[in-house]
Amino acid sequence: MVETRQPGPRPLLVMLVLLAVGIADAQKSLEFYDLLPEDPKLYDKMRPPKKDGQATVVYFHVTVMGLDSIDENSMTYAADIFFAQTWKDNRLRLPENMTSEYRLLEVDWLKNMWRPDSFFKNAKSVTFQTMTIPNHYLWLYKDKTILYMVKLTLKLSCAMNFLIYPHDTQECKLQMESLSHTTDEMIFQWDPDVPLVVDENIELPQLQLVKNYTADCTQVYSTGNFTCLEVIFVLKRRLGYYLFHTYVPTCLIVIMSWVSFWIKPEAAPARVTLGVTSLLTLSTQHAKSQASLPPVSYLKAVDAFMSVCTVFVFMALMEYCLVNIVLVIGESREVMPPKNPPPPPPPAPAPCTTGPDSAKLDRIYDIANKENTMLLSCRSQKSSNAAPPPPPPPPPPPPSGPSKTQRAKVRALNIDRVSRFLFPMLFACLNVTYWILFWKYI
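Here it is, written out as structure tokens:
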């Protein structure tokens, strides 16, 4: 009788073990050394991955999510961007179990790999976003292309020219340059598909983003040519704020100073107070318009306008000085004393005094009578010999026309009447000339 042998559990156990080993290999995490060549000494992270002796090409892509904090005083602005760099490193190995189009790598591996030494040339400060996790990632594609993307907040310098402020248009740049590799080793180029993306919803309070484009800013230094790329933002200033807060109030202040031409010349306190108040208010308005700007040495468009307005207010005050001088000269001529005053009358002659030499006591009565008679005779002789008093001067003839004071007042009023039309006409010519010159910048 032949015994049949049944298969035991050992083959099944072997199959389970092999399956577990395969799953473990598939789930094994990727290590950095799995990407290096078989001989790690052949990989030098300080040398760019040249192919056939050609310079390594690094492609850039920039996504601008926001522009804000534009400060004319410090000439800076802030930008929130996604910054992507793409390059190919043929020295690396692909993972054996890589099935997808790309694989996410640990960003810390960049410390042991070659990476472009790009930096922001005109940046004053760079903030790396870490909430809620560090905002950067590293991808490895099947063709050994590496993509490094990072989110940054930059504070950048922007050289501004305020010659035609507030009708100016500024160009602010975002420049990226190689720190240590010349163009013989590495070249920066914009991504041929999508080099730049700018959010269409960017709104600035006083400036308008009218245009943005990319350019090359490769520069020659004493140590060689260093590759450089730049993004240029064209910012045009909005005129609405300055129109309602600078130009209109200034014109109203100038017009207010002309009210003095309708005030009578005798009201000196009212006219002087109005002129001085207008001048001080205009000076304050001019200082307010310069508060947010750096102290530049050249004359700006708003400075020219404000200065001419100040001259108009000052001339309105000087116009009253001229009117007052005309009035004072007319009044002084009216009360001027005559050149040849009449001579004083001659003094009257002294009265004569006589008396008897005898003094007899027994004839007192007779002597008194004689003395009275002699006194009466002397008094009558004095009245007959004295000259008669001069007759009073005849009164001056009445003036045939207006007095000098009246003529001076008429001249002063004529000056005011001419100023009522001359000042507005010249100021209107100023405004027409100013806005024609700067219309093309609006």
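Heads up: the sequence shown begins at 1 in full-length UniProt numbering, then just goes up one per residue. Where a beta carbon is used, it is the ideal one built from N, C-alpha and C, also for glycine.
- prompt: Between the C-alpha atoms of glutamine 290 and aspartate 191, what's the straight-line distance to the nearest angstrom?
  reply: 42 Å
- prompt: Can you name, in chain order, every residue of its own chain whose Cβ lies under 7 Å from the Cβ of tyrosine 434, other than the five neighbours on each side?
  reply: Phe305
message: Taking 6 Å as the limit between beta carbons, can you name the residues of its chain near alanine 123, skipping five residues before and five after?
response: Leu154, Leu156
task: Taking leucine 426 as part of the alpha helix (DSSP H), name the residues at either end of that continuous run.
output: 404-437
message: Taking 8 Å as the limit between beta carbons, can you name the residues of its chain near tyrosine 102, skipping five residues before and five after?
response: Trp139, Leu140, Tyr141, Lys142, Leu147
task: Within the same chain, show all residues whose beta-carbon is closer than 6 Å to that of phenylalanine 119, passing over the 5 residues directly before and after it, in chain order.
output: Leu179
Sufficient close CB pairs (3 or more, under 8 Å) joining the segment 267-281 to the segment 309-324: yes
message: Taking 8 Å as the threshold (C-beta atoms), are proline 95 and aspartate 34 in contact?
response: yes
- prompt: Would a C-beta distance cut-off of 8 Å place arginine 238 and glutamine 285 closer than the cut-off?
  reply: no
- prompt: Would you call the segment 261-274 and the segment 227-235 touching, i.e. three or more CB-CB distances under 8 Å?
  reply: no
query: For cysteine 217, which of helix, strand or coil comes out of DSSP?
result: coil
task: Helix, strand or coil for alanine 79, going by three-state DSSP, please let me know.
output: strand
task: Name the two residues that bound the continuous alpha helix (DSSP H) containing glutamine 285.
output: 268-289
- request: Give the secondary structure of asparagine 201 by DSSP, where H, G and I count as helix, E and B as strand, and everything else as coil.
  value: coil
field: Beta-carbon contacts of phenylalanine 427 that lie in its chain and below 7 Å, excluding the five residues immediately before and after
entry: Val254, Phe312
- prompt: So methionine 186 and proline 48 are in contact, right, with Cβ under 8 Å, and what is the actual spacing, rounded?
  reply: 5 Å
field: Residue range of the unbroken beta strand (DSSP E) whose run includes cysteine 251
entry: Looking at the DSSP string, cysteine 251 is not in any beta strand (DSSP E); the run it does join, the alpha helix (DSSP H), is 248-257.
- request: Compute the minimum distance between the beta carbon of glutamate 177 and the heavy atoms of the ligand PLP, and state whether it is under 7 Å.
  value: Summarising the ligand content, the structure contains no ligands, and the ligand PLP is consequently not present.
field: Rounded separation between valine 418 and tyrosine 320 - CA only
entry: 13 Å
field: Buried or exposed (CB count within 10 angstroms, at least 16 for buried), glutamate 171
entry: exposed
message: Could you tell me the alpha carbon to alpha carbon distance between glycine 53 and lysine 300, rounded to whole angstroms?
response: 54 Å
- request: Tell me, to the nearest whole angstrom, how far the beta carbon of leucine 204 is from that of isoleucine 81; I am working on the premise that it is less than 8 Å.
  value: With a Cβ gap of about 16 Å, leucine 204 and isoleucine 81 do not count as contacting.
message: Restricting to Cα atoms, I'd like to know which of His181, Asn212, His245 is closest to arginine 115.
response: His181
- prompt: From cysteine 158 to valine 107, what does the alpha carbon distance come to, in whole angstroms?
  reply: 32 Å
query: Got a sec, what are the start and stop residues for the beta strand (DSSP E) methionine 65 sits in?
result: 56-71
- request: Name the residue from Tyr242, Leu36, Thr405, Ile329 whose alpha carbon lies nearest to the alpha carbon of residue 460.
  value: Coverage of the chain is limited to positions 1 through 442, which leaves residue 460 absent and any answer about it impossible.
- prompt: With C-beta atoms as the reference, is isoleucine 415 less than 8 Å away from leucine 322?
  reply: yes
field: Opposing strand residues paired with glutamate 101 [DSSP bridges]
entry: DSSP output for glutamate 101 lists no bridge partner at all.
- prompt: How many whole angstroms separate the CB atoms of asparagine 73 and serine 292, which I take to be in contact at a CB cut-off of 8 Å?
  reply: 6 Å
query: If we ignore side chains and look at the alpha-carbon of each, how far apart do lysine 404 and isoleucine 263 end up?
result: 22 Å
C-alpha distance - asparagine 431 paired with valine 302, whole-angstrom precision: 12 Å
message: In this structure, how does DSSP classify tryptophan 262 when only helix, strand and coil are distinguished?
response: helix
Spatial neighbours of leucine 105 in its chain, beta-carbon cut-off 6 Å, leaving aside the 5 residues before and after: Leu138, Leu140
task: Would you tell me roughly how many angstroms separate the C-alpha atoms of lysine 173 and histidine 61, rounded to the nearest one?
output: 15 Å
- request: Mark lysine 409 as exposed unless 16 or more other C-beta atoms lie within 10 angstroms of its C-beta, in which case mark it buried.
  value: buried
Through-space distance from proline 295 to glutamate 200, alpha-carbon basis: 34 Å
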